[in-house]
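One structure is given below, encoded as structure tokens.
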Amino acid sequence: MFIGELTRLSFAPSSQSATFKVWHDGKPIFAGEFFRGADGMITIWDLDQILQPYISEQYADFMFTVHDEPLTSHYVSVFYCAWSLDVPASVFLEKRFLTPTDGTRITGPGRHETLTAFCAAPTQAKAVCLYCSEDGATSSAEVQLGEVSGIGVLNVSPARFENMPKGRLFAYSVVCGERKADYIVEKSLPELSDAFIFRNSFNAWDTIYLCGTRTVEPQYTRLSADVDGYRRNYSINEVLQLKTYTGPLLPGMEWVAMSLARSQAVFLLLPNGDSGDEILVNDCDLKHDNSWGSPVDLTFSYRTASVSYRLADDRVARLSIPRPPRIFDDSFDKTYE
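Take a look at the structure:
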């Protein structure tokens, strides 16, 4: 079940009161004696808040006991989910990857893509790829991605499915049981502003690429005092703050952006797919509507999580801040001056 399903837990006791315990890794993490109400039921509220700190990955196993009796013990796998869903976990996990969107994603050369699935029984994952040859003919091919049992993290980057004899890869679908995720492969993509890899609303790793305008906003905190008749700054603290627009997003990708906004683990995504510096998202503007033809363009403001980070630090290069364009560079033609 999803953790949100444990906001309210009710059961009928065999006596006027019952001792209820929650166990994790063989140790009790919650215990209390509860009395039944006028309806004859015992109701425990906010159990989700008690269990959440123990779910460090996508899910964790717990045991519920009443009166410490074996016959009243229940083993439960609780999955992390920051969304309020109208379907039970058993249905969602069987039909969906652990990502907020089931819409089509745009990808391209050099981009890293990942998907996470939970399969109760061993399930074969594959990618159905579409290619276009130089003469315009299309063909398809299947690429086996391996068997998934339990939690499986799949590398579904387009570079994995390139097949030069068949032509250019222009689309592919990742299939794992009833789960399906579609990707469109663009030959050329807009210039990239930022790329993040983060824990999404299911605590699974997800990626997002931002192609909008980026603004560098260094922030300074100065402490000053009067020294020998002069006002002096004796401490200057500098924080590199960046503000980035996502650029137009495909329908459904706004949910991925909202998942990024609530994530507690965000990192810069390096070109090789590894994680770079940890990022702290400290502000965002996710306002959007359902107007027909209105592009979704959202905004994130962030800084590095390290408090010792400085603008003059050599790690700034890892943020890939582009040099402002020069209209009159060294190649300017002065013939008609």
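As numbered in the numbering used here, the sequence shown has no gaps in its residue numbers, which increase by one up to the final residue, 339. Even for Gly, the Cβ is constructed at its ideal location relative to N, Cα and C. Keep in mind it's a predicted model, so treat the numbers as computed, not measured.
Bounding residues of the beta strand (DSSP E) (the contiguous stretch that carries residue i)
i: S141; result: T140 to N157
i: T301; result: T301 to T306
i: D292; result: For the record, residue 292 in the displayed sequence is Asn; it is not Asp. That residue, N292, is in no beta strand (DSSP E); it is neither H nor E in DSSP.
i: G278; result: S277 to D287
i: Y133; result: T116 to C134
Endpoints, alpha helix (DSSP H) assigned at residue i
i: Q51; result: L49 to L53
i: L95; result: A91 to K97
Check whether residue i and residue j have beta carbons under 8 Å apart
i: F4; j: C83; result: yes
i: Q18; j: F37; result: yes
i: R113; j: P160; result: yes
i: V145; j: F163; result: yes
i: L156; j: A123; result: no
i: S16; j: I44; result: no
i: L271; j: L288; result: no
i: A307; j: C286; result: no
i: A119; j: F99; result: yes
i: V241; j: Q266; result: no
i: T116; j: V158; result: yes
i: L225; j: Y236; result: yes
i: V218; j: L244; result: yes
i: V258; j: D208; result: yes
i: I52; j: V24; result: yes
i: L49; j: L87; result: no
i: I46; j: F22; result: yes
i: G254; j: D104; result: yes
i: H26; j: Y56; result: yes
In DSSP terms, what residue i is bridged to
i: L262; result: Note: L262 sits in no beta bridge, so no partner.
i: G169; result: N165
i: M65; result: W25 and Y77
i: P30; result: W25
i: L271; result: S277
i: T109; result: V187
i: L11; result: I46
i: C178; result: A127 and R181
i: S19; result: F37
i: Y247; result: T301
8 Å contact criterion, which residue i and residue j should meet: CB distance rounded
i: T246; j: R216; result: 4 Å
i: Q60; j: F81; result: 6 Å
i: T101; j: D184; result: Contact flag wrong, Cβ pair sits at about 12 Å.
i: F200; j: F269; result: 7 Å
i: S195; j: L212; result: 5 Å
i: A139; j: C131; result: Not quite, the Cβ-Cβ distance comes to about 15 Å (not below 8 Å), so this is no contact.
i: F108; j: I186; result: First, the residue type needs correcting, since residue 108 is Ile and not Phe in the sequence shown. Rounded, the Cβ-Cβ distance is 5 Å, consistent with contact.
i: G179; j: S135; result: With a Cβ gap of about 31 Å, G179 and S135 do not count as contacting.
i: G42; j: A14; result: 6 Å
i: E188; j: G110; result: 5 Å
i: N202; j: S277; result: 14 Å between Cβ atoms; not a contact.
i: K97; j: R181; result: 6 Å
Q: Taking only runs that begin and end inside the region 183-245, name each unbroken beta strand (DSSP E) of 3 or more residues, in chain order.
A: Taking 3 residues as the minimum length, the beta strand (DSSP E) runs contained wholly in the region 183-245 are 196-201, 207-212 and 216-229, in order along the chain.
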